[in-house]
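*Asks:* Mapped onto mature numbering (1 follows the signal peptide of the UniProt record, and there is no 0), the consecutive letters of the sequence shown carry residue numbers -30 to -1, 1 to 434. All residues carry an ideal CB built from backbone N, CA and C; glycine is no exception. Nothing here was measured: the structure is a model prediction, and the numbers come from that model.
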Amino acid sequence: MINIKRYGTLCLSAILAAAFVLTPAVKIFAEEGDTAADRETQRQTCYAEPTDSNGLTNWPQGPAVYADSAIVMDMNSGAILYGKQIDKQHYPASITKLLTTLVALDHAKLTDKVEFSQDSISFLQYGDAHIGMRAGEELTLEDSLYAVLLASANEVSYAVAESVGKQMGGDYNTFIEAMNEESDALGCTGSHWTNANGLHDEQHYTTAHDMALIGAAVYQKEAFRTIAQSLTHQIPPTNLVNEVRTVNQKHKMLWPQNANYYEYCKGGKTGYTDQARTTLVTMADNGELQLVAVVLYDFGSDAYTDTRAIFDYGFNNFSKVMLKDLEKADGVRSYKDEENAYVVLPPNVKFSDLKAEVKAKDGSVNEGTVTYTYEGQIVGKADVTLDNKKSVEKPTITKGTEKTGTTTDRKEKESRPVVLIAVVAVVLVLVTGAVAWIKYKQAKSRRHRRKRHRRKTLQKKKKP
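#1: By the DSSP assignment, the beta strand (DSSP E) with Gln204 in it spans what residues?
#2: Is Val118 helix, strand or coil by DSSP?
#3: Fully enclosed by the stretch 207 to 277, which beta strand (DSSP E) runs are 3 residues long or longer?
#4: Is Glu345 helix, strand or coil when you go by DSSP?
#5: Would you identify the three-state DSSP class for Met138, choosing helix, strand or coil?
#6: Counting along the chain, where does the alpha helix (DSSP H) carrying Asp76 start and finish?
#7: Just to check my reading of the structure: Ile280 and Ala254 have Cβ atoms closer than 8 Å, yes? What is that Cβ distance to the nearest angstrom?
#8: DSSP on Ile56, reduced to helix/strand/coil?
#9: Our contact map puts Thr70 next to Met149 with C-beta atoms below 8 Å; I'd like the distance itself, whole angstroms only.
#10: Measure the alpha-carbon distance for Tyr305 versus Leu296 and round it to whole angstroms.
#11: Measure how close the beta-carbons of His203 and Val188 come, nearest whole angstrom, since I'm counting them as under 8 Å.
#12: Assign Thr176 to one of three DSSP states: helix, strand, or coil.
#13: What's the gap between the Cα of Ala99 and the Cα of Ala129?
#14: Once you ignore the five residues that flank Asn124 on each side, which residues in its own chain have a CB closer than 7 Å to its CB?
#15: Just the Cα atoms here: how many angstroms apart are Leu201 and Leu120?
#16: Would you mind reading off the limits of the alpha helix (DSSP H) that contains Ser289?
#17: Sorted by chain position, which residues of the same chain lie with C-beta nearer than 7 Å to Asp171's C-beta, five sequence neighbours on each side aside?
#18: Pull up the CB-CB distance for Leu261 and Val42, whole angstroms please, since I reckon it's below 8 Å.
#19: From the DSSP output, in three-state form, read off Ile101 for me.
#20: I need the DSSP call for Tyr305, collapsed to helix, strand or coil.
#21: Please classify Thr252: is it buried, with 16 or more other beta-carbons within 10 angstroms of its beta-carbon, or exposed?
#22: Can you find the residues in the same chain that come closer than 6 Å, C-beta to C-beta, to Glu345, ignoring five residues on each side of it along the sequence?
#23: Can the beta-carbon of Thr176 be found less than 9 Å from the beta-carbon of Gly157?
#24: Evaluate the contact criterion for the stretch 19 to 33 versus the stretch 232 to 240: three or more CB pairs, one atom per stretch, below 8 Å.
#25: By a C-beta neighbour count over all protein chains shown, 10 Å radius and 16 as the cutoff for buried, is Arg278 buried or exposed?
#26: DSSP three-state label for Tyr36, please.
#27: Report all residues from its chain with a CB closer than 7 Å to the CB of Lys28; omit the five preceding and five following residues, and keep chain order.
#28: What are the boundary residues of the alpha helix (DSSP H) that Glu108 is part of?
#29: Tell whether a beta-carbon distance below 9 Å holds between Ser87 and Ala74.
#30: Helix, strand or coil: how does DSSP classify Thr355 here?
#31: Classify Met292: buried if its beta carbon has 16 or more other beta carbons within 10 angstroms, exposed otherwise.
#32: Roughly how many angstroms separate the alpha carbons of Leu224 and Asp282, rounded to a whole number?
#33: Tell me whether the stretch 135 to 146 and the stretch 106 to 114 touch, counting them as touching only if at least three CB pairs, one residue from each stretch, are closer than 8 Å.
#34: From what residue to what residue does the beta strand (DSSP E) around Tyr312 run?
#35: Could you tell me the alpha carbon to alpha carbon distance between His174 and Asp76, rounded to whole angstroms?
#36: Of all the options Phe285, Ser271, Phe194 and Pro316, which has the alpha carbon lying nearest to the alpha carbon of Glu233?
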């Protein structure tokens, strides 16, 4: 006979195991390997991880990369051309300094003074990148940003945050708060910032998609483009040190004599910590498309070969489709900037295959955005003037009902709960059926015993 209690326990265990396996983790951080063998195992594991955008219908197949997360995004439209675990959280390391630069340029002038406090110097540890600044020295913000972006100087990043934070009416922490606010305003959903330089902190993390948004935003700043494309810069003597400091570009795709040189590269930022491994953000422009590529948790020089591979994939397989030449989505009167109102598509995907979502900006009845998606992946976004005859207080979705989101996000949020429900339902049916069958067998056994008992009783009565 089946032990019902034991059978039920096994079924409950199966349900819990299914729930554990099928429910996605909130945060996933890759662990550092202790040996070369561990690192190579991690490298091959990351390489084997599938590229999410390759699952889109009629989408060109992108290259496999060693980075655990990677993205190529059009910087003007926000179109995602290539995506691999773009919403997975990682430590950013020094690519944090792109957001530091963006916030500094938003709140201060290039001619403003950056003062170096003792705090900005004393936090440095052995091995941290720096340019040897002393407490009490002063630089212009412009020279400071050359040190931040080219030399990745950590004490300069701290001093920029501290000085600009004071100009904002606060201190270093005020600047960090502004970094988080700016990140949120750009649409970043998986990031949190605790410092201005990217040195390791468990509460300091981001995603490939978020870094692409930040990279695209800072690229709009002329000062950033000028600094980020420079190969070398001389910082003049300061109020305390009578010598010239020379800072050199660390991004190898900008150096013509380097094997990693990429002709379309227009800037970027390198990063590395033991916990983050190699991180890299790169901007490129081939005259038609302006793209940003991000690789997170990569492995040394693989970051450059991965970046080249996904840039080539983007430039060779996609082109602009101008929205001004096509039928407008419901609720759209006109585009704010027609030249930057476009979607980016591969040859085998038609505009008619896209879904459009029109949404009013907060507090506005005349201005909004239209976002086009293909199977859940963003392929373009533009600022629009709204048609007041059609209400768009709530998002209006045409050509379908699916909201915007990335391929990874959509698959995890939609398919996993459905599979989980199906598994639980099947297990419950099996448990219910098993219990009913056992009860039936027990009842049948009791009837059989009663019938046998009656037979024996009759036989006794018949005996003389």
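*Replies:* Put simply:
#1: Translated into the one-based positions of the sequence shown, residue 204 becomes position 234. Unbroken beta strand (DSSP E) run through Gln204: Thr202 to Ile205.
#2: Taking the sequence shown and counting its residues from 1, one reaches residue 118 at position 148. Correct three-state label for Val118: helix.
#3: 215 to 218, 235 to 243, 247 to 255 and 260 to 268
#4: As a first step, residue 345 is located in the sequence shown; it is residue number 375 there, counting from the start. Correct three-state label for Glu345: coil.
#5: Stepping through the sequence shown from its first residue, residue 138 is reached at position 168. Coil, per DSSP.
#6: The count along the sequence shown starts at 1 and reaches residue 76 at position 106. Asp76 -> alpha helix (DSSP H) spans Thr66 to His77.
#7: As a working mapping, residue 280 is identified with position 310 in the sequence shown. As a working mapping, residue 254 is identified with position 284 in the sequence shown. Between Ala254 and Ile280 the Cβ distance is about 10 Å, and since that is not below 8 Å, they are no contact.
#8: As a first step, residue 56 is located in the sequence shown; it is residue number 86 there, counting from the start. The answer is coil: DSSP assigns Ile56 none of H, G, I, E or B.
#9: Here residue 70 corresponds to residue number 100 of the sequence shown, with the count starting at 1. Here residue 149 corresponds to residue number 179 of the sequence shown, with the count starting at 1. Going by Cβ atoms, the distance from Thr70 to Met149 rounds to 7 Å, so yes, they are a contact pair.
#10: In the sequence shown, counting from the first residue as 1, residue 305 sits at position 335. In the sequence shown, counting from the first residue as 1, residue 296 sits at position 326. Distance between the alpha carbons of Tyr305 and Leu296: 12 Å.
#11: What you label residue 203 is simply residue 233 of the sequence shown in a count that begins at 1. What you label residue 188 is simply residue 218 of the sequence shown in a count that begins at 1. Going by Cβ atoms, the distance from His203 to Val188 rounds to 18 Å, so no, they are not a contact pair.
#12: Locating residue 176 in the sequence shown gives position 206, where the first residue counts as 1. Correct three-state label for Thr176: strand.
#13: Taking the first residue of the sequence shown as position 1, residue 99 is located at position 129. Taking the first residue of the sequence shown as position 1, residue 129 is located at position 159. Their backbone Cα atoms lie some 14 Å apart in a straight line.
#14: If you number the sequence shown from 1, residue 124 lands on position 154. Hits under 7 Å: Leu94, Asp98, Ala99, His100, Asn167 and Leu169.
#15: Counted from its first residue, the sequence shown places residue 201 at position 231. Counted from its first residue, the sequence shown places residue 120 at position 150. Using only the alpha carbons, I get a separation of about 8 Å.
#16: The residue labelled residue 289 in the question sits at position 319 within the sequence shown. From DSSP, Ser289 is part of no alpha helix (DSSP H) but of the beta strand (DSSP E) over Ser289 to Met292.
#17: One-based indexing of the sequence shown puts residue 171 at position 201. These residues qualify, in order along the chain: Thr164 and Asn165.
#18: Mapped onto the sequence shown, residue 261 falls at position 291. Mapped onto the sequence shown, residue 42 falls at position 72. Confirmed, Cβ separation roughly 6 Å.
#19: The residue labelled residue 101 in the question sits at position 131 within the sequence shown. Here Ile101 sits in coil by DSSP.
#20: Here residue 305 corresponds to residue number 335 of the sequence shown, with the count starting at 1. In the structure shown, Tyr305 sits in a strand (DSSP, three-state: E or B).
#21: Taking the sequence shown and counting its residues from 1, one reaches residue 252 at position 282. Buried: at least 16 other Cβ atoms inside 10 Å.
#22: The residue you call residue 345 lines up with position 375 of the sequence shown. Correct list, in chain order: Leu26.
#23: The residue given as residue 176 occupies position 206 in the sequence shown. The residue given as residue 157 occupies position 187 in the sequence shown. Not a contact, by the Cβ cut-off of 9 Å.
#24: no
#25: The residue labelled residue 278 in the question sits at position 308 within the sequence shown. Classification for Arg278: buried.
#26: By one-based count along the sequence shown, residue 36 stands at place 66. Residue state, collapsed to three classes: coil.
#27: In the sequence shown, counting from the first residue as 1, residue 28 sits at position 58. In the sequence as displayed, the identity of residue 28 is Asn instead of Lys. So the list reads Asn318 and Val319, once near-sequence residues are dropped.
#28: Position 138 of the sequence shown, counted from the start, is the residue given in the question as residue 108. No alpha helix (DSSP H) holds Glu108; the beta strand (DSSP E) holding it covers Glu108 to Thr110.
#29: Counted from its first residue, the sequence shown places residue 87 at position 117. Counted from its first residue, the sequence shown places residue 74 at position 104. Against a cut-off of 9 Å, the Cβ pair of Ala74 and Ser87 comes out as no contact.
#30: Residue mapping note: residue 355 aligns to position 385 of the sequence shown, counting from 1. Three-state DSSP puts Thr355 in a strand.
#31: By one-based count along the sequence shown, residue 292 stands at place 322. Burial call: exposed.
#32: Here residue 224 corresponds to residue number 254 of the sequence shown, with the count starting at 1. Here residue 282 corresponds to residue number 312 of the sequence shown, with the count starting at 1. Leu224 and Asp282: Cα-Cα distance of roughly 16 Å.
#33: no
#34: Here the question's residue 312 lines up with position 342 in the sequence shown. Tyr312 -> beta strand (DSSP E) spans Tyr312 to Leu315.
#35: Indexing the sequence shown from 1 puts residue 174 at position 204. Indexing the sequence shown from 1 puts residue 76 at position 106. Those two C-alpha atoms are separated by around 22 Å.
#36: The count along the sequence shown starts at 1 and reaches residue 233 at position 263. Nearest option by C-alpha distance: Phe285.
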